[in-house]
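Reading through the structure tokens given below for one structure.
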Amino acid sequence: MPCCFDGLSAKLIERAGFDVAFMTGFGVSAVHGLPDTQLLSFGEMVRSASTVCESLRNVPCIGDGDTGYGNAINVKRTVRAYAQAGMAGIMLEDQVAPKRCGHTAGKAVVTREEAFARVRAAVDARTEGQLDIVIMARTDARGTHSLDEAIARCNEFARLGADITFLEAPQP
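Under UniProt numbering, the first residue of the sequence shown is numbered 1, with each subsequent residue one higher.
Take a look at the structure:
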């Protein structure tokens with residue numbers, strides 16, 4: 001899935017004929033001259049999501065929702081805001097906030113309970129708001145725990161209602 005980070009990159013993805021795009025938090029952070037360590041605020045990411053979606057005419061986009069910007073209440077707010085911005089989907093991850101880019105060292109993940117609460121909140125936000133948004137639940141537990149732990153988290157994410165599960169870096 002090709003990644004966009006602003007209106008122009010989104011238009012290029014659409015013009016190239018791709019069927020879907022992903023608004024990457026790494027890319028949006030880089031455009032602002034920042035590392036992907038959740039220094040961009042909820043509002044800045046929602047504005048970027050809106051810009052990307054306004055630029056796309058026929059290509060759905062999944063947005064990087066990072067950790068959901070707080071607890072379960074914040075996750076619900078993030079899902080609603082991404083849906084209102086026009087995102088077709090949102091990816092939420094189980095890293096400790098502030099999160100780190102998935103390809104860097106020093107990552108930590110929240111407990112299973114907290115990870116599951118985030119997914120439950122995202123699914124609840126979609127149901128309660130009757131939102132047309134895909135929930136992608138990501139785990140970084142492979143790098144911090146084990147492949148078995150990462151698979152167990154993905155299985156529970158799916159059971160809780162996530163439409164897509166994403167196991168970051170499945171190989172060591």
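By construction, the Cβ of each residue, glycine as well, lies at the ideal position given by its N, Cα and C atoms.
Please read these numbers as outputs of a predicted model, since none were measured by experiment.
Just confirm the distance between the C-beta atoms of residue i and residue j, as a whole number of angstroms; I'd bet it's less than 8 Å.
i      : j      : result
Asp64  : Met1   : Actually they do not touch by this definition, with Cβ atoms about 12 Å apart.
Val134 : Asp163 : 5 Å
Asp66  : Val31  : No, Asp66 and Val31 are not in contact; Cβ-Cβ is about 16 Å, not under 8 Å.
Met87  : Ala49  : 5 Å
Ala10  : Val52  : 5 Å
Phe140 : Val109 : The sequence given here places Asp at residue 140; Phe does not occur at that position. Contact flag correct, Cβ pair sits at about 5 Å.
Ala115 : Arg153 : 6 Å
Gly68  : Thr78  : 5 Å
Val46  : Ala97  : Contact flag wrong, Cβ pair sits at about 17 Å.
Ala85  : Leu56  : So it is not a contact: roughly 11 Å between Cβ atoms.
So which of the options has the shortest CA-CA distance to residue i?
i      : options                         : result
Glu93  : Arg77, Asp124 and Cys101        : Cys101
Glu14  : Asp163, Glu54 and Ile133        : Glu54
Ala137 : Thr165, Pro60, Gly27 and Val59  : Thr165
Val59  : Gly68, Val96, Phe18 and Gly43   : Phe18
Leu160 : Arg112, Ser146 and Leu40        : Arg112
Ser29  : Thr78, Cys4, Leu56 and Phe116   : Cys4
Cys61  : Glu114, Asp132 and Gln171       : Asp132
Thr144 : Phe42, Lys107, Gly43 and Gly129 : Lys107
Locate the alpha helix (DSSP H) running through residue i, then write down its first and last residues.
i      : result
Cys154 : Leu147 to Leu160
Thr111 : It is not in any alpha helix (DSSP H) - Thr111 carries neither H nor E in the DSSP assignment.
Ala30  : Gly25 to Val31
Along the chain, where does the beta strand (DSSP E) containing residue i start, and where does it finish?
i      : result
Leu12  : Where Leu12 is concerned, there is no enclosing beta strand (DSSP E), although the alpha helix (DSSP H) it sits in stretches over Gly7 to Arg15.
Val134 : Val134 to Thr139
Phe18  : Counting along the chain, Phe18 falls outside any beta strand (DSSP E), and DSSP gives it neither H nor E.
Leu167 : Ile164 to Leu167
For the pair the region 70–87 and the region 28–40, tell me if three or more CB-CB distances fall below 8 Å. no
Within the region 43–109, ranges of the beta strand (DSSP E) (whole runs, at least 3 residues): 61–64 and 89–93
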